[in-house]
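Visitor: Residue numbers (my numbering): 31 to 144.
Backbone N, C-alpha and C define an ideal beta-carbon position, used for all residues, glycine too.
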């Protein structure tokens, strides 16, 4: 089970603009629906380390392949190694990726409202 501080931060951060379903869909996590889009489940996924495919998805959709932005989450050497070894992200990189996804969702919502 994830530490309570992680759950509190995730809960505080998720306002009406960013639902668990939106985050799960943007990150490309496959089991979200099976777990009822639970905040606890998402928090556990982040603490365990998101799959590398979540980074690749954000890199394509949000960063548009801009390596300078992608480098903020994971260094090129680490990215190459994780892709080769088929390993997931660290908890720290997963938290950063989740925050970027949340900001992206809020930006899209603002753009729609404008």
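Do residue 92 and residue 127 count as a contact pair if the criterion is CB distance below 7 Å?
Guide: Position 97 of the chain shown, counted from the start, is the residue given in the question as residue 127. Position 62 of the chain shown, counted from the start, is the residue given in the question as residue 92. Result no, Cβ atoms of residue 127 and residue 92 do not sit closer than 7 Å.
Visitor: Pick helix, strand or coil for residue 72, following the three-state DSSP scheme.
Guide: The count along the chain shown starts at 1 and reaches residue 72 at position 42. Note: residue 72 maps to helix in three-state DSSP.
Visitor: In chain order, which continuous runs of the alpha helix (DSSP H) of length 4 or greater are located wholly inside the stretch 72-113?
Guide: Entirely contained in the stretch 72-113, the alpha helix (DSSP H) runs reaching 4 residues are, in chain order, 82-91 and 97-100.
Visitor: Secondary structure at residue 55, three-state DSSP: helix, strand or coil?
Guide: The residue given as residue 55 occupies position 25 in the chain shown. Note: residue 55 maps to helix in three-state DSSP.
Visitor: Find the nearest neighbour of residue 66 within the set 50, 56, 85 and 79, judged by alpha-carbon distance.
Guide: Taking the first residue of the chain shown as position 1, residue 66 is located at position 36. Out of 50, 56, 85 and 79, 50 has the C-alpha closest to the C-alpha of residue 66.
Visitor: With distance defined between alpha-carbon atoms, name the residue in 133, 116, 139 and 52 nearest to residue 79.
Guide: Position 49 of the chain shown, counting from 1, holds the residue named residue 79. Cα-wise, what sits closest to residue 79 is 116.
Visitor: Grouping DSSP H, G and I as helix and E and B as strand, with all else coil, what is residue 124?
Guide: Position 94 of the chain shown, counted from the start, is the residue given in the question as residue 124. Helix.
Visitor: Going by other Cβ atoms of all chains shown within 10 Å of its Cβ, with 16 needed for buried, is residue 140 buried or exposed?
Guide: Looking up residue 140 in the chain shown gives position 110. Per the 10 Å Cβ criterion, exposed.
Visitor: Taking only the alpha-carbon atoms, compute the straight-line gap between residue 98 and residue 69 and give it to the nearest angstrom.
Guide: Counting from 1 along the chain shown, the entry for residue 98 is found at position 68. Counting from 1 along the chain shown, the entry for residue 69 is found at position 39. Cα to Cα, residue 98 sits roughly 30 Å from residue 69.
Visitor: Indicate whether residue 131 and residue 59 have their beta-carbon atoms separated by less than 7 Å.
Guide: On the chain shown, position 101 is the one that residue 131 refers to. On the chain shown, position 29 is the one that residue 59 refers to. Contact: no.
Visitor: For the candidate residues 61, 96, 84 and 71, whose alpha-carbon lies nearest to that of residue 113?
Guide: The residue given as residue 113 occupies position 83 in the chain shown. Checking every option, the nearest Cα to that of residue 113 belongs to 84.
Visitor: Looking at the structure shown, is residue 61 part of a helix, part of a strand, or coil, going by DSSP?
Guide: Translated into the one-based positions of the chain shown, residue 61 becomes position 31. The answer is coil: DSSP assigns residue 61 none of H, G, I, E or B.
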